[in-house]
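Take a look at the structure set out below.
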Amino acid sequence: MKSLFLLLSLSLAFQACGGAQQQTVSDDAPFDLAAETEKADAGDMEAQYKVGKSLYKGTHGRIDQVKGIEYLKKASDQGHQNATAGLVTLYISSNSHYVDPSLARFYLNRLFEQGYPRAEFFKCGVQGNDAKNIQEARDALICIEKFAEQGDSDAQQITGTAYFQGRIFERDLTKARDWLEKSAAQGDCNAEYVLYELYMNSGYDLEDPIKAMEYLRKSADQNLAEAEFDLAMHLIAGLYVKRDLRQAKAWIERALSHGFVGSELKLAHFYEEGEPSERDVEKSIFYYRQAAEHGEKEAQYRLMMMYAEGENLPPDEQQAAFWFSQLQDIPLPEAEANLASAYFKGSLVRQDYKKSYALARKAESDGEKSADYVLALHHLLGEATPKDEQKALEYLTRFYSGDRGRASFEIAQYAFNGGLIPRDLSKALEWYRKAAEAGHNEAYLHLGLLYLIGIDGKPNEKESRKYIQKYNQLQKQDGNQFICGAYLDGRLLPKSEKKAYDYCLKAAKSGDAISQAIVGSLLMQGQEIQYDEKKGLEWLQKASDQGLGIAQYEMSQIYLSGRYLPKDSKKAYELALKAAEQGNEDAYPYLAILYLKGEGTEQDAQKALEWMTKHTKGDSAEALRALSRLYAEGTVLPKDDQKAVKYLELAAEQGHKPSIHELALRSLEGDGVPQDDRKAEDLLHQIMEVNFTQVDVYIGQIYMSGSGVKQNPERGEFFMRKAADRGFVPAIESLEQKNSDQTP
């Protein structure tokens with residue numbers, strides 16, 4: 009049977025928190041590992057114990073368990089009782105990678121020789137570790153319970169845990185609670201943590217979430233990593249505590265510092281999602297790697313997918329395949345299905361239909377729903393298995409939870425678009441009809457489109473209208489807008505603004521806001537249809553009144569220009585704000601400019617920066633540089649070199665390399681800032697990660713070519729000569745070539 013201590017939270021001399029028996033130094037006490045190691049190497053017994061414990065647990069910035077055990081053995085050899093007790097603990101604890109019953113007994117005998125007052129208690133633990141059946145394990149726990157009765161907090165915690173788990177003793181929650189509370193009263197954080205589990209576990213008579221959270225907090229405050237992590241999970245979920253992601257992140261970082269491996273994965277999630285602080289892809293990947301290297305399957309899977317899809321990392325088939333190889337011996341159906349898809353498409357590894365089919369079948373047998381989609385593709389294509397559209401339909405129907413209409417529609421789409429299977433409009437027509445008959449209403453719209461295209465090369469507008477009307481009736485929305493878009497786009501139907509207008513006008517009259525905006529824009533452009541400013545404005549206004557962001561943005565520009573309607577800056581601002589708040593990205597920089605100018609609202613540089621930051625996808629440094637350019641160019645905003653430099657410097661302060669580069673060029677030229685060659689060199693050195701000699705060569709080259717600065721060969725030669733005087737060969741050769749070219 010498994011060791012008795014698989015069930016228990018015994019850590020004895022290595023405990024992160026202490027009961028009455030723990031007289032060791034706290035892990036968070038001031039501790040200089042380098043200084044203590046020097047003392048330990050000189051033979052100091054206490055230092056050997058401290059260094060051994062620190063290295064084994066990794067509590068002071070470095071973890072090396074093998075080295076830690078060596079120092080503990082040295083301390084034990086000199087008679088350090090806690091070091092000997094620690095060695096007994098790690099050699100019997102199933103949480104240790106160093107389980108060795110014979111060594112556990114060896115160091116137990118040494119405990120007796122050293123006169124350790126708790127040696128008898130440890131003897132019970134070793135007996136439990138050696139137990140070959142339930143009875144022997146029970147005898148060991150009875151032995152430990154006697155020490156619990158004498159007030160030993162570790163024994164109380166172990167006994168209480170055993171009664172709570174009910175694997176060796178019969179479960180008795182009252183006894184469990186009583187023993188655990190006695191241990192917790194002596195400050196045992198493991199007992200506090202088990203009490204949290206006991207009081208939180210639903211279905212028990214003793215359930216008390218408030219008391220559970222009190223014990224969890226006490227245990228976490230005493231640095232028990234599991235408790236710190238669980239407290240973070242409560243803060244994330246807002247379960248029995250106020251939701252607080254910043255506090256949660258702090259507790260997870262603390263749990264990681266105390267060795268809780270699961271913390272790495274959660275930190276990776278935080279940094280990837282940008283909560284509770286700014287998104288940091290590099291840190292996210294760092295923690296995913298750490299978690300993956302510690303065997304976290306989710307982290308290995310995430311790295312595999314990032315490398316496969318080029319998300320956050322450059323696409324790398326080898327790395328993707330490596331991380332998948334770490335998952336292959338573990339039943340991970342989702343990974344199997346994803347790799348099956350990758351082999352099918354050739355997107356992650358070299359295309360291999362046989363491997364794809366085998367993995368998809370394996371994932372299917374493991375209950376992974378997404379495997380059904382891959383198997384459907386195999387049957388549609390007829391690779392690694394016979395081509396069978398009916399089988400494909402069955403798999404797609406299962407994938408879509410029994411929705412046969414949606415499954416039929418999917419097959420119709422493949423036939424319509426081509427690619428996986430040859431494009432076949434007749435087959436698409438057949439499957440769209442099946443989808444419509446099975447209740448998939450969108451199929452009616454695509455039937456209407458097919459008849460406009462002309463299955464036999466001859467469009468049939470009458471038949472098309474019939475299906476579009478059917479779609480309109482069933483969906484309570486106008487399919488004419490879809491056809492309008494197809495004519496405007498020109499991919500599905502021949503491009504035609506006139507036909508697009510006709511279909512969008514029908515949808516606009518039925519109240520479709522997007523169609524109203526399109527009709528308004530087409531009327532005001534007046535290209536293929538007759539220009540009509542008044543009607544165009546009416547349709548745009550209707551779309552804007554319905555809250556359509558793009559229409560609000562266009563109306564805002566109209567009010568600001570005063571071209572078609574009397575100028576109204578306030579109205580322009582209000583509409584721009586509404587459009588931006590709805591996520592219209594064109595409105596973001598436009599609104600920022602309104603705030604900078606104070607058009608229709610008070611001037612507010614901070615709000616301008618906020619909207620410009622949204623425009624630059626959350627990059628505030630890029631937003632500051634964009635504002636700098638607006639002032640430098642003087643086209644949208646009044647030219648203002650002082651403000652241009654101010655915003656550029658703010659971006660540079662954030663480490664934004666393009667801004668630092670631009671600031672360096674301005675310093676070279678004295679453009680809006682004092683002319684300062686040394687400052688320019690310092691800035692370029694900062695971002696180019698080369699020595700100052702190479703910086704001078706770079707400056708020389710840009711002056712000679714006029715790239716980014718006003719062309720000035722004399723200045724270029726000056727900087728080249730500085731580099732040549734330091735013996736830089738490329739600069740010497742460049743100057744020699746220049747002189748050679750100038751020689752008659």
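Per my numbering, residue 9 is the first one in the sequence shown, and the count goes up by one each step.
From the three backbone atoms N, C-alpha and C, an ideal C-beta is built for every residue, glycine too.
Just so we're clear, the structure is a prediction, and the values are computed from it rather than from any experiment.
(request) Could you work out which residue in 124, 345, 116 is closest to residue 786 when comparing CA atoms only? (result) A question about residue 786 goes unanswered here, because the residues of the chain that appear run from 9 up to 752.
(message) Taking the straight line between their C-alpha atoms, what separation do you get for residue 613 and residue 638?
(response) On the sequence shown, position 605 is the one that residue 613 refers to. On the sequence shown, position 630 is the one that residue 638 refers to. Roughly 13 Å between the two C-alpha positions.
(request) Determine the burial state of residue 586: buried for a count of at least 16 other Cβ atoms within 10 Å of its Cβ, exposed for fewer. (result) For the purposes of this step, residue 586 is identified with residue 578 of the sequence shown, where counting begins at 1. Buried is the call here.
(request) Mind listing, in chain order, the continuous alpha helix (DSSP H) runs of no fewer than 4 residues lying wholly within the segment 609 to 633? (result) 613 to 623
(message) Do residue 326 and residue 308 count as a contact pair if the criterion is CB distance below 7 Å?
(response) Mapped onto the sequence shown, residue 308 falls at position 300. Mapped onto the sequence shown, residue 326 falls at position 318. Contact: no.
(request) Give me the Cα-Cα distance between residue 570 and residue 578, rounded to the nearest whole angstrom. (result) Taking the sequence shown and counting its residues from 1, the one referred to as residue 570 is at position 562. Taking the sequence shown and counting its residues from 1, the one referred to as residue 578 is at position 570. Cα to Cα, the separation comes out at about 12 Å.
(message) If you measure between the beta carbons of residue 284 and residue 254, is that distance less than 7 Å?
(response) Sequence index remark: in the sequence shown, residue 284 carries index 276 (1-based). Sequence index remark: in the sequence shown, residue 254 carries index 246 (1-based). Result yes, Cβ atoms of residue 284 and residue 254 sit closer than 7 Å.
(request) With DSSP as the reference, label residue 430 as helix, strand or coil. (result) Here residue 430 corresponds to residue number 422 of the sequence shown, with the count starting at 1. Here residue 430 sits in coil by DSSP.
(message) So for residue 10, helix, strand or coil by DSSP?
(response) If you number the sequence shown from 1, residue 10 lands on position 2. Unreliable positioning characterises residue 10 in this predicted model, as indicated by a pLDDT of 40, which lies under 50. The coordinate reading is nonetheless provided below. In this structure, residue 10 counts as coil in the three-state DSSP scheme.
(message) For the alpha helix (DSSP H) containing residue 758, name the first residue and the last one.
(response) Residue 758 is absent from the structure shown; the chain starts at 9 and stops at 752.
(request) With a cut-off of 8 Å on the beta carbons, I'd call residue 169 and residue 122 a contact; round off their distance for me. (result) The residue labelled residue 169 in the question sits at position 161 within the sequence shown. The residue labelled residue 122 in the question sits at position 114 within the sequence shown. Actually they do not touch by this definition, with Cβ atoms about 28 Å apart.
(request) For my contact list, residue 108 and residue 129 are in at a C-beta cut-off of 8 Å; report their separation, rounded to the angstrom. (result) Locating residue 108 in the sequence shown gives position 100, counting from the first residue. Locating residue 129 in the sequence shown gives position 121, counting from the first residue. About 20 Å separates the two Cβ atoms, so there is no contact after all.
(message) So for residue 198, helix, strand or coil by DSSP?
(response) Position 190 of the sequence shown holds residue 198. Here residue 198 sits in helix by DSSP.
(request) In the DSSP assignment, find the alpha helix (DSSP H) that holds residue 597 and state where it starts and stops. (result) To locate residue 597, count along the sequence shown from 1; it is residue 589. That run of the alpha helix (DSSP H) goes 595 to 605.
(message) With a threshold of 7 Å on Cβ separation, who are the neighbours of residue 738 within its own chain once the five nearest residues in sequence on each side are excluded?
(response) The residue labelled residue 738 in the question sits at position 730 within the sequence shown. Closer than 7 Å at Cβ, skipping near neighbours: 705.
(message) Taking the alpha helix (DSSP H) that residue 473 belongs to, which residues open and close that run?
(response) Translated into the one-based positions of the sequence shown, residue 473 becomes position 465. Where residue 473 is concerned, the enclosing alpha helix (DSSP H) stretches over 469 to 483.
(request) Note the first and the last residue of the continuous alpha helix (DSSP H) segment covering residue 154. (result) The residue you call residue 154 lines up with position 146 of the sequence shown. 142 to 157 is the span of the alpha helix (DSSP H), which, as asked, contains residue 154.
(request) Leaving out five residues on either side along the sequence, give the residues of the same chain with a beta carbon under 7 Å from the beta carbon of residue 588. (result) In the sequence shown, residue 588 corresponds to position 580, counting from 1. Taken in chain order, the residues that qualify are 595, 596, 599, 619.
(request) Run through the segment 662 to 711 for me and flag every whole alpha helix (DSSP H) of 4 or more residues, listed as ranges in chain order. (result) Qualifying alpha helix (DSSP H) stretches, in chain order: 665 to 677, 685 to 696.
(request) In angstroms with no decimal places, state the Cα-to-Cα distance between residue 533 and residue 583. (result) Taking the first residue of the sequence shown as 1, we reach residue 533 at position 525. Taking the first residue of the sequence shown as 1, we reach residue 583 at position 575. Those two C-alpha atoms are separated by around 21 Å.
(request) Please report how far the alpha carbon of residue 257 lies from the alpha carbon of residue 593, in whole angstroms. (result) The sequence position of residue 257 within the sequence shown is 249, counting from 1. The sequence position of residue 593 within the sequence shown is 585, counting from 1. Looking at the two C-alpha atoms, the distance is approximately 31 Å.
(request) Leaving out five residues on either side along the sequence, give the residues of the same chain with a beta carbon under 8 Å from the beta carbon of residue 699. (result) Within the sequence shown, the letter at position 691 stands for residue 699. Answer for residue 699: 693, listed in chain order.
(request) Go ahead and pull the three-state DSSP assignment for residue 352. (result) The sequence position of residue 352 within the sequence shown is 344, counting from 1. In the displayed model, residue 352 falls within a helix according to three-state DSSP.
(message) Using a Cβ distance threshold of 8 Å, determine whether the segment 427 to 435 contacts the segment 447 to 456, with at least three qualifying pairs required.
(response) no
(request) Take residue 581 and list the residues in its own chain whose beta-carbon comes closer than 6 Å to its own, dropping the five residues that flank it on each side. (result) Here residue 581 corresponds to residue number 573 of the sequence shown, with the count starting at 1. Counting only Cβ-Cβ distances below 6 Å, and skipping sequence neighbours, we find 602, 608, 609.
(message) Beta-carbon within less than 7 Å of residue 729's beta-carbon, same chain only, minus the 5 sequence neighbours each way: which residues are those?
(response) Residue numbering aside, residue 729 sits at position 721 when the sequence shown is read from its first letter. Excluding sequence neighbours, residue 729 sits near 743.
(message) Quick check on residue 76: does DSSP put it in helix, strand or coil?
(response) Stepping through the sequence shown from its first residue, residue 76 is reached at position 68. In the three-state reduction of the DSSP assignment, residue 76 falls in the helix class, which pools H, G and I.
(message) Quick check for students: name the residue ranges of the beta strand (DSSP E) that lie wholly in the segment 214 to 253, counting only runs of 3 or more.
(response) none
(request) Note the first and the last residue of the continuous alpha helix (DSSP H) segment covering residue 167. (result) For this step, residue 167 is matched to residue 159 along the sequence shown. If you look at residue 167, you'll find it in the alpha helix (DSSP H) that goes 161 to 173.
(message) To the nearest angstrom, how far is the alpha carbon of residue 565 from that of residue 590?
(response) Position 557 of the sequence shown holds residue 565. Position 582 of the sequence shown holds residue 590. Each residue's alpha carbon lies about 17 Å from the other.
(message) Quick check: the segment 384 to 393 against the segment 348 to 367, are at least 3 beta-carbon pairs closer than 8 Å?
(response) yes
(request) Starting from the C-beta of residue 311, find all residues in its chain whose C-beta is less than 6 Å away, skip the five residues before and the five after it, and write them out in chain order. (result) Residue mapping note: residue 311 aligns to position 303 of the sequence shown, counting from 1. Cβ within range, chain order: 296, 300, 331.
(request) Report the option in 471, 419, 219, 235 whose CA atom is closest to the CA atom of residue 397. (result) To locate residue 397, count along the sequence shown from 1; it is residue 389. Looking at the Cα atoms, 419 is the closest of the given residues.
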